[in-house]
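Residue 566 is where the sequence shown starts when you use the working numbering, and the numbers rise one by one after that.
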Amino acid sequence: MARAKEVQEKLSSSYPSLIKVMLPSHVTGGFWLGLPKGFCDLHLPKQDTAMVLEDESGKLYETKYLSEKTGLSAGWRGFSIAHKLLQGDVIVFHLVMPNRFMVYIVRSNAAAEVDGALGLKYEASNKQTPIYSKENIPHIKEEHIILEDVNSKETNIAPVKEEAEEDYNPISPAMDTHEEHEQTNSHVLLDSEMMPVLEESENERESFGSYFMNGIRLSDSILNFDKVNNLNDFSISVNGLIIDSEFSSYIRTKYYELCCSQKSFLHDHILEGLNYKLVSGIISETINIADAIRACKITTSQEHLVTWDKTLTAFEGLGMNVGFLRVRIDQLLSLSLKPEKKREAELKRNSIEEEIHSLLAKIIERRATMRQLEAEIRSLDADIEHMDKLFKEVASAPW
């Protein structure tokens with residue numbers, strides 16, 4: 566703790582910093598890292614955003630900052646595992662940009678090695694912070710990069726200190742009374758004024774408390790569908806949170822049946838960092854569409870089938886495994902085309918019949934006209950026979 570305090574004191578005071586002691590919830594299980602609410606209110610964004618962590622070697626990691634819960638969620642697990650963080654390690658966070666922490670790790674079991682590495686980093690931290698772009702951090706999404714020279718801001722923010730917990734005990738539980746007495750009287754004293762919070766901070770307890778009150782709880786381990794033997798073994802986990810309480814027993818049972826049909830969690834590959842409320846809505850709507858598919862008939866409108874397919878296509882784009890439902894909709898659309906083709910053929914037949922009736926009426930009318938003309942022709946033929954004699958008489962008559 567004393568070494569962590571030294572690290573913090575050597576950092577530039579132009580940018581705020583804080584110290585965190587690693588707890589089991591930070592480095593195992595749910596991998597949730599709560600941050601002091603006062604620090605978040607003063608210095609961090611007011612909405613959920615990507616937060617970049619830069620370690621001592623300059624490697625960058627992207628995490629998800631949840632503003633309402635004031636902590637790091639998606640991505641923190643990867644950072645913790647990559648750096649093999651253990652309970653008792655102490656981390657100094659230095660906020661050098663609105664969405665970027667420089668992170669200094671003080672190991673509880675490797676003092677000399679880490680102190681040497683940090684000594685080099687202290688000097689770098691006091692130099693001008695470079696402007697970041699997608700060229701020098703290609704694995705960070707473009708919309709998450711803030712192109713800003715933080716040294717252009719004239720600020721003077723003192724490092725943020727965390728209050729000590731009354732029940733904090735720096736002595737290992739494995740020590741006996743004699744060892745504890747020797748440690749207490751050692752020349753290396755851990756003054757309570759220098760110690761940040763060891764137990765969960767107040768905002769962490771509030772965050773977890775709100776989860777627990779809503780029935781949301783942290784997942785103890787990564788859920789594997791191969792180990793699900795029945796509905797009692799089935800849990801829906803999103804970003805390390807068990808969200809079974811978000812669903813009615815009917816939806817949960819139906820989702821279990823769908824997952825069993827595919828032998829995997831349908832949301833296994835859903836995009837990391839999506840709000841669990843959004844994911845629960847996607848799962849619920851997937852069940853609604855699956856039920857609608859089951860209940861549809863040959864008379865079901867194709868527009869409904871097309872709408873369901875478009876919705877599932879959007880879910881598929883977010884990583885939801887709903888391809889098998891889309892295949893079923895495609896089959897139903899193909900089958901529904903036959904009645905539609907029949908209706909089209911019937912309409913065409915009726916149109917032709919009407920055209921035939923119209924033509925027959927015209928034929929009858931033309932035949933009547935023909936009979937009239939034939940009668941007129943016969944009358945004229947009789948007149949022409951007498952006209953030849955009359956013509957000659959007129960021609961030879963005396964002048």
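A virtual CB, placed ideally from N, CA and C, is assigned to each residue, including glycine.
{"Asked": "Using the C-alpha atoms, what's the distance from D833 back to S579?", "Found": "43 Å"}
{"Asked": "Would a C-beta distance cut-off of 8 Å place F799 and Y815 closer than the cut-off?", "Found": "no"}
{"Asked": "Just checking my contact of L890 with A857 at CB under 8 Å: how many whole Å lie between their CB atoms?", "Found": "No, L890 and A857 are not in contact; Cβ-Cβ is about 10 Å, not under 8 Å."}
{"Asked": "Along the chain, where does the alpha helix (DSSP H) containing I863 start, and where does it finish?", "Found": "Premise fails: I863 is in no alpha helix (DSSP H) and is neither H nor E."}
{"Asked": "Would you say V533 and I584 are within 8 Å of each other, going by their C-beta atoms?", "Found": "It is not possible to answer for residue 533, since the shown part of the chain is limited to 566 through 964."}
{"Asked": "Which two residues bound the contiguous alpha helix (DSSP H) that contains E822?", "Found": "S814 to Q827"}
{"Asked": "Tell me whether the stretch 902–920 and the stretch 868–879 touch, counting them as touching only if at least three CB pairs, one residue from each stretch, are closer than 8 Å.", "Found": "no"}
{"Asked": "What's the gap between the Cα of I949 and the Cα of R914?", "Found": "52 Å"}
{"Asked": "Sort M587, P601, K629 and K602 by Cα distance to H648 and report the nearest one.", "Found": "M587"}
{"Asked": "Can you tell me which of R932, F812, V572 and D613 puts its alpha carbon nearest to the alpha carbon of L839?", "Found": "D613"}
{"Asked": "Expressed to the nearest angstrom, what Euclidean distance is found between the alpha-carbon atoms of V892 and N797?", "Found": "30 Å"}
{"Asked": "What is the DSSP secondary structure of A682, reduced to helix, strand or coil?", "Found": "At A682, the pLDDT of 43 sits below 50, so the modelled position is not reliable; the number obtained from the coordinates is stated separately. Here A682 sits in helix by DSSP."}
{"Asked": "For R665, tell me which candidate among A960, M935, Y626 and L877 has the shortest Cα-Cα distance.", "Found": "Y626"}
{"Asked": "In whole angstroms, give me the CA-to-CA distance for L883 and I917.", "Found": "50 Å"}
{"Asked": "Would you list, in sequence order, the uninterrupted beta strand (DSSP E) runs of no fewer than 3 residues that lie entirely inside the stretch 569–602?", "Found": "582–586"}
{"Asked": "Hey, how far is the Cα of T818 from the Cα of K570?", "Found": "52 Å"}
{"Asked": "Quick check on the DSSP output: what are the complete beta strand (DSSP E) runs of length 3 or more inside the stretch 606–666, in order along the chain?", "Found": "614–619, 625–631 and 655–662"}
{"Asked": "Starting from R782, follow its DSSP beta bridges and name the residues at the other end.", "Found": "I807"}
{"Asked": "Distance check for R932 and E939, CA to CA, integer angstroms please.", "Found": "11 Å"}
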